[in-house]
Amino acid sequence: MDEQRPRARAEERGGPGKGDGTTIVAPITPAGAGAVSLLRLSGPETFPIALRMTGVDSSRVSPRTLSRCTVRDGKGEEIDSALVVFFPTPGSFTGEDVVEIHLHGNPVLVERGAAAACSLGASPAAPGEFSRRAFQNGKMDLTEAEALADLIAARTAGAARAALRQLKGGIREAISP
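Residue numbers (my numbering): 12 to 188.
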């Protein structure tokens with residue numbers, strides 16, 4: 012990446028939605044029991060996989076709008092009553108088609124949902140892979156990616172505020188001519 016430009020153009024990284032061709036899935040909320048857990052899918056087969064899992068057709072609902080659904084595994088067995096939201100490329104976190112499924116916060120349901128997505132063609136996401144794809148697709152630069160990691164790992168309110176300033180471009184603004 013050119014040192015004079017903090018944000019490389021998306022086409023230099025493969026272009027919008029040009030990941031490695033795989034569709035990935037992972038929980039994006041902390042492990043453990045809670046009210047709600049989110050499962051995220053990203054990649055070229057995201058919408059077809061979500062259709063088979065939820066019965067909700069992305070072309071029939073408004074983007075970024077929650078829709079009620081029943082989540083099913085690849086054999087049609089019901090997993091949970093949930094909410095689903097579609098984020099079409101390029102207007103998503105990763106710059107690819109993204110779906111987030113809001114399940115009840117039981118780790119068993121999250122595992123079954125992720126396994127269902129994998130049985131339908133998704134691959135488990137590696138740690139940081141959603142952020143890596145966002146970077147590759149020009150959705151964030153390196154300082155933003157570092158700030159996001161710092162914000163997630165912050166252990167104090169001060170550290171969280173500093174990371175949030177960096178995420179909003181504080182460092183980039185301070186060093187830009």
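The C-beta atom is built at its ideal place from N, Cα and C for all residues, glycine as well.
All values reported here derive from a predicted model rather than from experimental measurement.
Rounded to the nearest whole angstrom, the C-alpha separation of R144 and P74 is 20 angstroms. E89: member of the beta strand (DSSP E) spanning 89-98, first to last residue.
Contact between the stretch 145-154 and the stretch 69-86 is absent, with fewer than three C-beta pairs closer than 8 angstroms. Contact annotation: P38 and V110 have beta-carbon atoms that are not nearer than 7 angstroms.
In this structure V82 touches D91 by the C-beta definition: roughly 5 angstroms separates them, less than 8 angstroms. G124 sits buried, since 16 or more C-beta atoms from the chains shown fall within 10 Å of its C-beta.
Nearest to P99 by C-alpha distance, out of A164, G169, A170, S53, is S53. G116 sits in a strand when the DSSP states are folded into three classes. T76 sits in coil when the DSSP states are folded into three classes, being neither helix nor strand. The residues V110, in chain order, have a CB closer than 6 angstroms to that of A61 in the same chain once the five nearest residues on each side in sequence are set aside. The straight-line gap separating the alpha-carbon atoms of S130 and I35 is approximately 12 angstroms.
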